[in-house]
Amino acid sequence: MAANGMEEDFDDGEQPEITTIPDPHLRLGISARWGTGNQLAVHAALHPPQEGVTSGIQESPLVHEVRWGTQEVNNPIIRKLINETHGTFVSLQHHQPDTTTTNRKPQLVKFSRNYRSVIRACLMQLKQAEESARDDATAEEYGMQVEIYRMVELIWSLCEILFVETLPGGVVLAQLLDWVKWHFNEADGYANEATTSDTPHLHDSYWSAVYLYVLQGRNDEARKLLSLDPNRNMDVYDEYASIDELLRKMPFFTLYTGQSLAEFDMKWRHWQDECRRRYSEGEFNTNKNLETICRILCGDEDVFLDLKDLTETWYQMLVSKLLYCNPTVKAFDLQYHVKACIDAYDGHATLQPLDNILLAAIEFDLHQVIKESSSLLGNWWFVAHLADLLFQCGQLESHSLNYGSNLREFLLLDYASSLMSHPSLWQVGASYLDYCPEFGRYYLEFYLERLPLQTERKALKVLRECEKRDMKDISHSICKVMGVRALRNERLGSALSWALRSKDASFATFLADRFLSEYSSKGGFSSLDLLDNLGTAMVLSDRLTFLGKYREFHRLHEEREFKSAANLLLQLLTNRMAPKKFWLTLLTDALPLLESEEVIFSTQQTYELMNCLEDISLSFRSSAYLHGDTADDAQLKLTKGQQEVEKQKLDLIRLALARNLARAILSEGSLE
Amino acid sequence: MFVARSISAEHKDLIHDVSYDFHGRRMATCSSDQTIKVWDLTDDGDWQCTSSWKTHSGSVWKVTWAHPEFGQVLASCSFDRTAAVWEEVVGESLASTQRGQSHWVKRANLVDSRTSVTDVKFAPKHMGLQLATCSADGVVRIYEAPDVMNLSQWSLQHEINTKMSCSCLSWNPSRLHLPMLAVGSDDTNPSAGGKVQIYEYNDNIRKWQKVETLMAITDAVHHISFAPNLGRSYHLLAIATKDVRIITLRCLRKEPNAGANPGGMSKFEIRQAAQFDEHSSQVWRVSWNITGTVLASSGDDGCVRLWKANYLDNWKCISVLRGDGSVSNTAGSSTGPNQLGLAGTGGNFGGSRGFKQGGSGQSSMWY
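For the protein sequence lines, the chains are A and B, in the order given.
In case it helps, this note's numbering puts the first sequence at residues 217 to 888.
In case it helps, this note's numbering puts the second sequence at residues 166 to 532.
Here it is in structure tokens:
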């Protein structure tokens, strides 16, 4: 429990989301239980549960399946975003800093841009879907998503400017201007309205467009629009030409042009002095609109207040104001200029969650950015990826969050968990968990083991993921679940192949026994393909080895390789590989070989067979043999009639052995 | 949060327990009507009742699934003083059963209790096929099927007399720790002492030993639940009593001579991680999500509250569910996605445009 002064942040009086379930029974009492994934089963319940107390309900009780925040994953557009950013995320994790931070930065910016371009594509598609939605509900749904991802894009790009693409010296204005231009293009809308009318300069939007262009530093566009005004009087002194000149000559600071900041500052002051001079000399007295433009250029505080309806938000006003009052402002100093702008829009009290996020970013409070974003956007994707990127940029530690990597992992775990519950995105989720060093593996094992295994194909897919990560316990468990399922469905062969796959010796032994008892009762084997091709896999368990060898005996017999068959059979008996309760079956199998015209078993071999026979008739008499190895298994006890059959069998074998012995002695004697 | 679907359970009385299987694709419900119903998720994502049968001669309090490695196995416990183990069989009497219906056979009837059996839980898989029951007369019983391939052989391995009327129990799912059980009592007399006891299995003497009594909890306990442990260094126990409690148990090093001293028990540092009285009345059920990161508690205020810890281990209510009392129009066994408009604070984007928060795409997050 870290007690580091952050704690009071969590008692911020934020109210939990409330969901109502339409079910009158719930008035009696409520009970909920988690399922796998983000789902809860909620039902009415009587507390305390008492026998004989009936609820008196008339209708059938309901079970409500309530989901927790996985809905948007089902949207194909969002799914595309998830899949595409997954690639970026993975390459970001593998991206090794080229030793120096200077080389690293452009690459990280590239990653950030990459994320942003996916967000933009997603946003475009969402917009399209919203427009082409067939019904209002769908349109509203998409409309909501559009709003969310619009905010995501806005926040992300601001964070990129402040935390990822930090420029030497911390000069940010050029980037902020781009940020505003990119996200707020109302000016173009106004301009369009005006220019498409018959008399652009008289249109209501005309001056709005001009002002907004100037406020956003888009001077060329402003000049173009101004040139449309037919009020320009070429004959007398032309104030239009004057303002045009000021707009044209306004210096912009750009990095990489070799211009030093001091040099720019000097130029800029010179230019603004010129603006002020022309203004104070009353050059624009006759034209209020041009005067307003000139006041903007002079950085006149009041004019920004006058135009606050155009800049719409405090952060747009902030950028405009800085452009004309403080163009060399450093990123870290932004926060000192914020208050006046917020006050212009009714102060802190009216700030919305989005405002708070942007404000936190400007104040370099990443923790707050992430916290507010999670509660506003309800979107695991955004905070997880942003936190990871900031972590890779080294921003999470450097801002006095000593638990930076935990925060990243915490958010990634939540995001991955939301994917693991999804039927087709779990592999993506698994890949995210791979990059959570502390808890990722535990989570992954937990989820992989619980993935529903509807088909063998799915099971093999999950197994591959386990094998990739060397998770033996989980593979073992999955194979066992599949094997037990096959066994329940009487598919012995399939069950055995699962046991072999996980090298589960005890299960293999159990299954080999099932094969043998199946043979005893039906006189044949199923799954011959598998049994004939056990190969070295049969050494997994003694019983399985016996099963494999025994099946080999049958094959040799079928192929009329009597000599080898006989040798194998004897071997199975003498090296005690065969379970004792199976000896009688083996000896019975020997019968046709003993009775064949050719002598197959030698005298020595016949003696050994006789030994075995004596062995079992003894135990038969003591009845221990029939009970198998565990004497308490009542099911193995034979009925009187069965015992009689067994006895006859023994006599038959004894006779055959004696006759074979005689023939063997004769043939062996005559050979000599 | 949103209601994905509402299923008409067709029980003749209220449901006491709902239990999902390991993979979350099967669900079992039990009720005062003495039956259990098993539900299967179809490929279309609907729940279909595939079996319903009378199980006990009294209310069925709890139903729970065994790990699928042991097959499709359920255990139930009832007011009729018994607990039972059920196995689904395939292929038997196929002709008599309807299409898509499955058949469950009683494999064991555990009749040792002399009073109502209040809870039944399978042990974590790594301990083999074991089952714990607890009953109103205060006895916890541990049964085991030594041959996991034979579910009809269960032997009573241990009996623990807790000396308190037991209402609930929970196995600690951690494989790294010795087998551990927590037992709760709904005895309403606060002076009778702590209402949650922790037991641990001592391998040397082959006995369950009481290692802790949570003295801080003296009010009736209705439900307890260990959180799944995904790499945490301590155990988390949620308790439903007159409020919601979350307790951490950190195992201190065992005494070095524990091997020589067969009675050596683990020692724990016990802390209360959270205590919530938002239900402002009795809490009846606590349930963890599968990663042990979100706790759902159900209370007499008619609400289900979800609690989540942030990465600093501060717990907070992130969501509330409650019935609205209005009549729903559920027809058939399942209704389609039912999206509810949710109240939420309005955001604002880009100044003039209003942003409406809430609805199905939204979820509360908290980190």
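Beta carbons are placed, not taken as given, at the ideal position from N, Cα and C, and that holds for glycine.
Discussion item. Short of 8 Å in beta carbon distance, which residues of its chain neighbour L278/A, apart from the five on each side in sequence? Order them along the chain.
Written reply: Hits under 8 Å: D239, H241, H259 and A260.
Worksheet item: Smallest Cα separation from E528/A: which of N791/A, H583/A, D562/A and D445/A?
Response: Ranking the options by Cα distance to E528/A, first place goes to D562/A.
Fill in: Cutoff 6 Å; reference I459/A; Cβ partners in own chain excluding five residues on either side
Take I459/A, set aside five residues on each side of it, and the residues of its chain with a beta-carbon closer than 6 Å to its own are L506 and I509, in chain order.
Item to complete: Please list the partners that D178/B has in chain A, where partner means a Cβ-to-Cβ separation under 8 Å.
Response: Neighbours of D178/B on chain A, chain order: T270, S271, I273 and P277.
Worksheet item: Is K473/B helix, strand or coil when you go by DSSP?
Response: K473/B: strand per DSSP, three-state reduction.
Item to complete: Tell me whether the beta-carbon of I377/A lies closer than 8 Å to the beta-carbon of L431/A.
Response: In this structure, the beta-carbon distance from I377/A to L431/A does not fall below 8 Å.
Item to complete: Evaluate K286/B with the Cβ neighbour count: other Cβ atoms within 10 Å of its Cβ, from every protein chain shown; 16 or more gives buried, anything less gives exposed.
Response: K286/B comes out buried.
Discussion item. Is the beta carbon of V554/A closer than 8 Å to that of I573/A?
Written reply: In this structure, I573/A lies away from V554/A, with their beta-carbon atoms at least 8 Å apart.
Worksheet item: DSSP three-state call for C338/A: helix, strand or coil?
Response: Helix.
Worksheet item: According to DSSP, is D284/B helix, strand or coil?
Response: Reduced to three states, the DSSP call for D284/B is strand.
Worksheet item: Going along chain A, which residues have a C-beta under 8 Å from G172/B?
Response: The displayed chain sequence assigns Ile, not Gly, to residue 172/B. The contacting residues are L278, V279, H280 and E281.
Worksheet entry | Interface positions of the stretch 697-714 of chain A facing chain B (Cβ-Cβ less than 7 Å), listed along the chain | The residues in question are V697, V700, R704, N705 and E706.
Item to complete: Would you kindly work out how many angstroms separate the C-alpha atoms of T283/B and H280/A, rounded to a whole number?
Response: T283/B and H280/A have their C-alpha atoms some 24 Å from each other.
Worksheet item: Using DSSP with H/G/I as helix, E/B as strand and the rest coil, what is R870/A?
Response: R870/A carries a helical assignment under DSSP once its states are collapsed to helix, strand and coil.
Practice prompt. With a 10 Å radius around its C-beta and 16 neighbouring C-beta atoms as the bar for buried, classify R680/A as buried or exposed.
Written response: When all chains shown are included, R680/A counts as exposed.
Fill in: Helix, strand or coil at D489/A according to DSSP, with G and I counted as helix
In this structure, D489/A counts as helix in the three-state DSSP scheme.
Practice prompt. Put R279/B into one of helix, strand or coil per three-state DSSP.
Written response: Of the three classes helix, strand and coil, the one that applies to R279/B here is coil, per DSSP.
Worksheet item: How many Å lie between F468/A and D394/A at the Cα?
Response: In a straight line, the C-alpha of F468/A is about 13 Å away from that of D394/A.
Worksheet entry | C-alpha distance - N426/B paired with L379/B, whole-angstrom precision | Residue placement at N426/B is flagged as unreliable, the pLDDT there being 49, under the threshold of 50; the coordinate-derived value follows with that caveat. In this structure, the CA atom of N426/B is about 25 Å from the CA atom of L379/B.
Worksheet item: Nearest CA to the CA of Q447/B: which residue from R436/B, T353/B, N454/B and I455/B?
Response: Nearest option by C-alpha distance: T353/B.
Worksheet item: What do you get for G656/A, buried or exposed, if any count of 16 or more other CB atoms within 10 angstroms of its CB means buried?
Response: Buried.
Practice prompt. Would you grab the beta carbon distance between Y429/A and L441/A for me? Rounded to a whole angstrom, and I think it's under 8 Å.
Written response: Correct: roughly 7 Å between the Cβ atoms.
Discussion item. If I follow the unbroken beta strand (DSSP E) through W226/B, where does it start and stop?
Written reply: Counted as a single uninterrupted DSSP element, the beta strand (DSSP E) harbouring W226/B occupies residues V225 to W230.
Discussion item. Using 8 Å for Cβ pairs, my map puts V305/B next to T327/B. What's the rounded Cβ distance?
Written reply: A Cβ-Cβ distance of about 6 Å is found for the pair V305/B and T327/B, placing them in contact under the 8 Å criterion.
Worksheet item: Using a Cβ-Cβ distance under 8 Å, would T235/A count as near chain C?
Response: Although the question refers to chain C, the structure presented lacks it and instead comprises the protein chains A and B.
Worksheet item: P393/B versus chain A: which residues are under 8 Å apart at the beta carbon?
Response: Simply F662.
Item to complete: Measure how close the beta-carbons of V376/B and S431/B come, nearest whole angstrom, since I'm counting them as under 8 Å.
Response: About 6 Å separates the two Cβ atoms, so the contact holds.
Worksheet item: In the structure shown, what three-state DSSP assignment does S780/A receive?
Response: If DSSP states are grouped into helix, strand and coil, S780/A belongs with the helices.
Discussion item. Count Cβ pairs between the stretch 817-837 of chain A and the stretch 796-805 of chain A that sit closer than 8 Å; are there 3 or more?
Written reply: Contact between the stretch 817-837 of chain A and the stretch 796-805 of chain A is present: three or more C-beta pairs spanning the two stretches fall below 8 Å.
Discussion item. For a contact defined as C-beta to C-beta under 8 Å, what are the partners of W449/B on chain A?
Written reply: Those are G245, S247, A261, H263 and P264, listed as they occur along chain A.
Worksheet item: Does any residue of chain A bring its CB to less than 8 Å from the CB of T456/B?
Response: Yes, its Cβ sits closer than 8 Å to a Cβ of chain A.
Worksheet item: Using 8 Å as the limit for Cβ to Cβ distance, is T220/B near chain A?
Response: No, its Cβ sits nowhere closer than 8 Å to a Cβ of chain A.
Discussion item. Could you give the first and the last residue of the continuous alpha helix (DSSP H) run that contains H773/A?
Written reply: In the DSSP annotation of this structure, the continuous segment of the alpha helix (DSSP H) that includes H773/A starts and ends at D758 to E774.
Practice prompt. Answer yes if the stretch 535-552 of chain A comes into contact with the stretch 380-394 of chain A, meaning at least three C-beta pairs across the two stretches below 8 Å, and no otherwise.
Written response: The stretch 380-394 of chain A, when compared against the stretch 535-552 of chain A, does touch it at the 8 Å Cβ threshold.
Worksheet entry | Cα-Cα separation, E683/A to G359/A | The alpha-carbon atoms of E683/A and G359/A are separated by roughly 43 Å.
Worksheet item: Of all Cβ atoms in chain B, is any one closer than 8 Å to the Cβ of G498/A?
Response: Not closer than 8 Å to any Cβ of chain B, the Cβ of G498/A fails to qualify, so no.
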